[in-house]
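Peer 1: Here it is: the structure, laid out below.
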Amino acid sequence: MARRHAEIAGAGFAGLAMATALCQRGWTARVHEANAELRAFGAGIFIWENGLRVLRALGAYDAVADGAFAAPAYETRTNGRVLSFQPINGAGQYRLLTMTRQHLYAAMLAAARRAGAEIVTASEAVGATPEGELLLADGRRLRADLVVGADGVRSKVRDSLGIPQQRRKYEDGLIRVLTDRATLKGGDWDHVIDFWHTAGRTLRILYTPCGADQLYMAMMAPVADAEASAVPVRPGPWIECFPQLEPVLTRIGQVARYDVYETTKLAQWSVGRVAIVGDSAHAMPPTLAQGAGCAVTNALGLAVALEEAETAEALRLWEARERPLTDHTQRRAAEIAESRILASGMSWDDEGLRAARHVPTGTGQYSDLAGTA
Numbered sequence: 001m002a003r004r005h006a007e008i009a010g011a012g013f014a015g016l017a018m019a020t021a022l023c024q025r026g027w028t029a030r031v032h033e034a035n036a037e038l039r040a041f042g043a044g045i046f047i048w049e050n051g052l053r054v055l056r057a058l059g060a061y062d063a064v065a066d067g068a069f070a071a072p073a074y075e076t077r078t079n080g081r082v083l084s085f086q087p088i089n090g091a092g093q094y095r096l097l098t099m100t101r102q103h104l105y106a107a108m109l110a111a112a113r114r115a116g117a118e119i120v121t122a123s124e125a126v127g128a129t130p131e132g133e134l135l136l137a138d139g140r141r142l143r144a145d146l147v148v149g150a151d152g153v154r155s156k157v158r159d160s161l162g163i164p165q166q167r168r169k170y171e172d173g174l175i176r177v178l179t180d181r182a183t184l185k186g187g188d189w190d191h192v193i194d195f196w197h198t199a200g201r202t203l204r205i206l207y208t209p210c211g212a213d214q215l216y217m218a219m220m221a222p223v224a225d226a227e228a229s230a231v232p233v234r235p236g237p238w239i240e241c242f243p244q245l246e247p248v249l250t251r252i253g254q255v256a257r258y259d260v261y262e263t264t265k266l267a268q269w270s271v272g273r274v275a276i277v278g279d280s281a282h283a284m285p286p287t288l289a290q291g292a293g294c295a296v297t298n299a300l301g302l303a304v305a306l307e308e309a310e311t312a313e314a315l316r317l318w319e320a321r322e323r324p325l326t327d328h329t330q331r332r333a334a335e336i337a338e339s340r341i342l343a344s345g346m347s348w349d350d351e352g353l354r355a356a357r358h359v360p361t362g363t364g365q366y367s368d369l370a371g372t373a
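In the UniProt record's numbering, the protein residues as written are 1 to 373.
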């Protein structure tokens, strides 16, 4: 019997997870990356327990855990006051690893290659047909049993199919910064700290150690605040609001991106033999740190569904099974972005952390916390 074949647009986290999970189940998969090089944007990333379980299933967990950072606590400080404090990564506690996006990407890329995925660079996808063709910028039409659009928020594969969608931008955005930790090491400086300033000017820095020497800062500023949202970063307003972070704010250097919070919600996640996965299907504000978690969870869930049913039925089963949690997470992330409620302290409840405590499809065999056994 011939092996089933997938053509995948986008070699980000969703595309790599999709290729790996399919190849593990006997498929062949070819991933197309529009850029000439395979790399992740220079920033940090959170992977909660649900994502860690998926990484284990994909064979990437050990490489990710080796070099990631397990903070002992997550706290919120607003206008100099500690408003919430939560121990993490201990026995029976929430498990959350932080790392650079490059570190996660390298581990997932290696896992995809070990599984047998073919990855092609400088290969731009511009569309797809419901019959199962991936359309490339060079004019080629590649036939497959399944086409996957994992080509990001501005997905050309998704848009070529005419799927009805709702897109919305919010009043805040992020500058993502990687720098060294300077003198901010040890004690409380090993915590993930959500710093807020709301007295006269609203700014936020999510201070995130990514290793012994690396620090990720997600710097939230309103779109309307031209000084604070400017790139390269102007340290002045940030130091004024967060003087305790001056040792790292003065070391940022040149930063070239400010991303406005936005959501994309599709009427459906598939058309014919084409599935839309990751940010292409459900972009969400980063307020719950579940964009990557939902992306890899849904990729693995689709591969499992394709083991259980033929393509058309599998796509229906996949969306019915995976979408309710993703919709909930996207909605809650948007509510948090709009209300800025995190300034009052992280709420460790089911509304916010339902995805984090979820056992993803295809990972039920891991009864322990990922990586603890």
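Where a beta carbon is used, it is the ideal one built from N, C-alpha and C, also for glycine.
Counting C-beta neighbours from all protein chains within 10 Å, is the total for Lys185 16 or more, i.e. buried, or is it exposed?
Peer 2: By the neighbour-count rule (16 or more Cβ atoms within 10 Å), Lys185 is not buried but exposed.
Peer 1: Might you give, ordered along the chain, the residues of its own chain that have their beta carbon closer than 6 Å to the beta carbon of Ala60, omitting 5 neighbours on each side?
Peer 2: Here the set comprises Ala107, Met108, Ala111.
Peer 1: Could you tell me the boundaries of the alpha helix (DSSP H) in which Gln24 lies?
Peer 2: Here the alpha helix (DSSP H) through Gln24 covers 13-24.
Peer 1: Would you check if the distance between the CB atom of Val296 and the CB atom of Val54 is smaller than 8 Å?
Peer 2: Yes.
Peer 1: Taking only three categories from DSSP, how would you classify Val82?
Peer 2: Looking at Val82 - three-state DSSP - the assignment turns out to be strand.
Peer 1: What do you reckon, are the CB atoms on Ala355 and Asn50 nearer than 8 Å?
Peer 2: Yes. Within cutoff.
Peer 1: Go ahead and label Glu227 buried or exposed: buried means 16 or more other beta carbons lie within 10 angstroms of its beta carbon, across all protein chains shown.
Peer 2: Exposed.
Peer 1: Could you check the C-alpha separation between Thr76 and Asp145 for me, to the nearest Å?
Peer 2: Using only the alpha carbons, I get a separation of about 48 Å.
Peer 1: Between which two residues does the alpha helix (DSSP H) containing Met284 stretch?
Peer 2: Segment: none, Met284 is in no alpha helix (DSSP H) and carries neither H nor E.
Peer 1: Give the secondary structure of Gly371 by DSSP, where H, G and I count as helix, E and B as strand, and everything else as coil.
Peer 2: With a pLDDT of 39 at Gly371, under the threshold of 50, the modelled position of that residue is not reliable, and the figure given next carries that caveat. It is coil, neither helix nor strand.
Peer 1: Going by the CB atoms, is the gap between Asp213 and Arg181 shorter than 8 Å?
Peer 2: Cβ distance < 8 Å, so Arg181 and Asp213 count as in contact.
Peer 1: Give me the Cα-Cα distance between Ala137 and Ala125, rounded to the nearest whole angstrom.
Peer 2: Between Ala137 and Ala125, the C-alpha separation is close to 6 Å.
Peer 1: Leaving out five residues before and five after Trp238 in sequence, what residues of the same chain have Cβ atoms less than 6 Å from its Cβ?
Peer 2: Hits under 6 Å: Leu249.
Peer 1: Quick check on Ser229: buried or exposed, where buried means 16 or more other Cβ atoms within 10 Å of its Cβ?
Peer 2: Under this definition Ser229 is a buried residue.
Peer 1: Work out the CA separation of Cys210 and Pro72 for me, nearest whole Å.
Peer 2: Taking the straight line from one Cα to the other gives about 13 Å.
Peer 1: Tell me the rounded alpha-carbon separation between Ser344 and Ala281.
Peer 2: Those two C-alpha atoms are separated by around 30 Å.
Peer 1: Would you decide whether Asn79 is buried or exposed? Buried here means 16 or more other CB atoms lie within 10 Å of its CB.
Peer 2: With fewer than 16 Cβ atoms within 10 Å of its Cβ, Asn79 is classed as exposed.
Peer 1: Helix, strand or coil for Tyr207, going by three-state DSSP, please let me know.
Peer 2: Of the three classes helix, strand and coil, the one that applies to Tyr207 here is strand, per DSSP.
Peer 1: Where do the N-terminal and C-terminal ends of the beta strand (DSSP E) with His197 fall, by residue?
Peer 2: Unbroken beta strand (DSSP E) run through His197: 192-197.
Peer 1: Drop a sphere of 10 angstroms on the beta-carbon of Pro130, count the other beta-carbons inside from all chains shown, and report buried for 16 or more, exposed for fewer.
Peer 2: Answer is exposed; the Cβ neighbour count stays below 16.
Peer 1: Can you give me the Cβ contacts of Cys241 inside the same chain, cut-off strictly under 8 Å, excluding the 5 residues immediately before and after it?
Peer 2: So the qualifying residues of the chain are His197, Arg201, Leu203.
Peer 1: Output yes or no for whether 8 Å exceeds the beta carbon distance between Leu302 and Ala275.
Peer 2: Yes, these two residues count as a Cβ contact at 8 Å.
Peer 1: Mind checking whether Gly127 and Ser160 have CB atoms under 8 Å apart?
Peer 2: Cβ atoms of Gly127 and Ser160: closer than 8 Å.
Peer 1: Locate the alpha helix (DSSP H) running through Pro222, then write down its first and last residues.
Peer 2: Here Pro222 belongs to no alpha helix (DSSP H); instead the beta strand (DSSP E) covers 214-222.
Peer 1: In chain order, what residues of the same chain have a beta carbon less than 6 Å from the beta carbon of Gln290, not counting five sequence neighbours either side?
Peer 2: Closer than 6 Å at the Cβ level, and outside the excluded window around Gln290, lie Thr329, Ala355.
Peer 1: At which residues does the beta strand (DSSP E) containing Arg30 begin and terminate?
Peer 2: Element bounds for Arg30: 28-32.
Peer 1: At which residues does the alpha helix (DSSP H) containing Glu131 begin and terminate?
Peer 2: Premise fails: Glu131 is in no alpha helix (DSSP H) and is neither H nor E.
Peer 1: Return the chain-ordered list of same chain residues with a C-beta closer than 7 Å to the C-beta of residue 417, the five sequence neighbours on each side being excluded.
Peer 2: What the structure shows of the chain is the stretch from 1 to 373, and residue 417 is not part of that stretch, so it cannot be assessed.
Peer 1: So, Ala218 versus Pro286, is the Cβ gap smaller than 8 Å?
Peer 2: Result yes, Cβ atoms of Ala218 and Pro286 sit closer than 8 Å.
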